[in-house]
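Asker: Taken in sequence, the protein lines are chains V and Z.
Residues in the first sequence are numbered from 1369 upward in steps of one, following the working numbering.
Residues in the second sequence are numbered from 346 upward in steps of one, following the working numbering.
All C-beta atoms, glycine included, are put in the ideal place defined by N, C-alpha and C.
One structure, pasted below without further comment.
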Amino acid sequence: MRVNGKNYPYRDGLTLHELLAELSIDRRTVAVMHGEDVYSAGGIPDAPLGEPDVLEIVTMMQGG
Amino acid sequence: MQHRNNGNGNGATADALVIAGRTFSSRLMLGTGKYKDFGVMREALAASGTQIVTVSIRRVEIGAPGHGGILDAIDLGAYQLLPNTAGCKTAEEALRVARLARAMTGTDWVKLEVIPDAKYLLPDPVETLRAAEILVGEGFVVLPYMPADPVLARRLAEVGCATVMPLASPIGSGRGVLTGASIEIIIEESAVPVVVDAGLGVPSEAAHVMELGAHAVLVNTAIAESHDPVQMAAAFRGGVEAGRLAYLAGRMPVRAHASPSSPVSGVVTLAQPEVPA
């Protein structure tokens, strides 16, 4: 599995909520792209994950 | 939304900036980058009177808790957020970041940046136009950062961009208005608001482009990297307001020769002047 450009150990049955919890990420403070699906902060489903999945987990930062 | 009194009751308070149907009394947009801490940033935003602030969208650092500081640092409801696609080198990357930005911020507004070159951070006109057209089709309010090219400005407006944002000089350079002649043409021809973005170093430069008729400016580094960002934010506010009022007032004609300000008749003269005639 690829998470934010890095390999991440996949295990059977892993879901998106479990992954975010493992990463100590508050679901209300990030948006997620799972394949081509984009989920809003506060509206991230507990989607099942697969070994080949590619995830982007982003948040708001300073910028010009 | 606050409405400022511009001082002399000449109607300037009703002079609103309208972008995609939203009305703003401030014509100064602020970036949130490069501030030494969030406290200074917050105060600078307040001192500037801005109503539109840019933010970036970045990957959460895996294994580094404590992200999301800006979420707590600014009152998100007080501003129109303008997430950018900074860091994107191609249209495809910008599309992904724009979609994530909408999901993250809840706004359809996006400052489209497609910048393949790290040295001068000059935007790619072809990829910018391509991404803009697709994003407009997806319902985004697109504010594209662009080279100061009048033809590109027209093309971006034609595909439905809400503004055009020509650069004054390279991002963060503080070199001021190097593209003034092109910006004048863009202003003259543009069907959408012209927001001069990037390179402004001091308030007089903001005033200058506002005097030319720019509808707004976007400033980040000039404020964040000044010695006193809060004071500089107030200074830029003054510069933008002065420039706008001057534009509305209409400048005097430029002449090749002098034109006396005092009456030419009735001058007290000596019978025999001491200076050569």
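Taking the straight line between their C-alpha atoms, what separation do you get for residue 595(Z) and residue 530(Z)?
Answerer: Roughly 17 Å between the two C-alpha positions.
Asker: Kindly give me the distance between the Cβ atoms of residue 561(Z) and residue 373(Z), rounded to whole angstroms, as I take these residues to be in contact under 8 Å.
Answerer: 7 Å between Cβ atoms; contact.
Asker: Quick check on the burial criterion: 16 or more other C-beta atoms within 10 angstroms. Buried or exposed for residue 355(Z)?
Answerer: Its pLDDT being 46, under 50, residue 355(Z) is placed unreliably by the model, and the measurement read from it follows with that caveat. Burial call: exposed.
Asker: Kindly indicate the opening and closing residues of the beta strand (DSSP E) around residue 529(Z).
Answerer: Element bounds for residue 529(Z): not the beta strand (DSSP E) but the alpha helix (DSSP H), 525-534.
Asker: In this structure, what does DSSP give as the bridge partners for residue 460(Z)?
Answerer: BP columns for residue 460(Z) are empty, so no partner.
Asker: To the nearest angstrom, report how far apart residue 580(Z) and residue 393(Z) are at their CA atoms.
Answerer: Roughly 8 Å separates the two Cα atoms.
Asker: Three Cβ pairs or more, each shorter than 8 Å: is that satisfied between the stretch 414-422 of chain Z and the stretch 452-465 of chain Z?
Answerer: Judged by Cβ distances under 8 Å, the stretch 414-422 of chain Z makes no contact with the stretch 452-465 of chain Z, as fewer than three pairs qualify.
Asker: Less than 8 Å separating the beta-carbons of residue 485(Z) and residue 448(Z)?
Answerer: Contact flag unset, no.
Asker: Would you kindly work out how many angstroms separate the C-alpha atoms of residue 609(Z) and residue 589(Z), rounded to a whole number?
Answerer: Residue 609(Z) and residue 589(Z): Cα-Cα distance of roughly 34 Å.
Asker: So the alpha helix (DSSP H) residue 1385(V) belongs to, where does it begin and stop?
Answerer: Unbroken alpha helix (DSSP H) run through residue 1385(V): 1384-1390.
Asker: Determine the extent of the alpha helix (DSSP H) in which residue 593(Z) is found, giving its start and end residues.
Answerer: First-last of the alpha helix (DSSP H) with residue 593(Z): 574-594.
Asker: Who are the near neighbours of residue 362(Z) in its chain, counting only those whose CB is closer than 8 Å to its CB and skipping five residues on each side?
Answerer: Contacts found: 368, 369, 370, 371, 372, 538, 560 and 561.
Asker: Of the choices 1416(V), 1411(V) and 1393(V), whose alpha-carbon is the least far from that of residue 1369(V)?
Answerer: With distances taken between Cα atoms, residue 1369(V) lies closest to 1416(V).
Asker: Would you mind giving the Cβ-Cβ distance between residue 499(Z) and residue 534(Z), rounded to the nearest angstrom? I have them listed as a contact below 8 Å.
Answerer: About 6 Å separates the two Cβ atoms, so the contact holds.
Asker: Relative to chain Z, which residues along the stretch 1391-1413 of chain V have a C-beta separation below 7 Å, given in chain order?
Answerer: So the close ones are 1391, 1392, 1393, 1397, 1398, 1399, 1401, 1406, 1407, 1408 and 1409.
Asker: Please list the partners that residue 476(Z) has in chain V, where partner means a Cβ-to-Cβ separation under 8 Å.
Answerer: Result: empty, since nearest Cβ-Cβ is about 16 Å, beyond 8 Å.
Asker: Per DSSP, what are the beta-bridge partners of residue 1430(V) in this structure?
Answerer: The partner list for residue 1430(V) (beta bridge, DSSP) reads 400(Z).
Asker: Quick check on residue 1375(V) - is its C-beta less than 8 Å from some C-beta in chain Z?
Answerer: It does not: the Cβ of residue 1375(V) has no partner Cβ on chain Z nearer than 8 Å.
Asker: If you pair each beta-carbon of the stretch 425-439 of chain Z with each one of the stretch 1384-1395 of chain V, do three or more pairs fall below 8 Å?
Answerer: As far as the Cβ criterion goes, the stretch 425-439 of chain Z does not touch the stretch 1384-1395 of chain V, which means the pair count is below three.
Asker: Using CA atoms only, rank isn't needed, just tell me which of 478(Z), 602(Z) and 435(Z) is closest to residue 462(Z).
Answerer: Comparing Cα positions, the closest option is 435(Z).
Asker: Would you please state the rounded distance, in angstroms, between the beta carbons of residue 459(Z) and residue 469(Z)? I believe it to be under 8 Å.
Answerer: That belief holds up - the Cβ atoms of residue 459(Z) and residue 469(Z) are roughly 5 Å apart, short of 8 Å.
Asker: So, with DSSP's three-state summary, where would you put residue 350(Z)?
Answerer: Confidence at residue 350(Z) is low in this model, with a pLDDT of 39, below 50, so its placement is unreliable and the value that follows should be read with caution. Coil.
Asker: By the three-class DSSP mapping on this structure, what secondary structure does residue 560(Z) have?
Answerer: Coil at residue 560(Z), not helix or strand.
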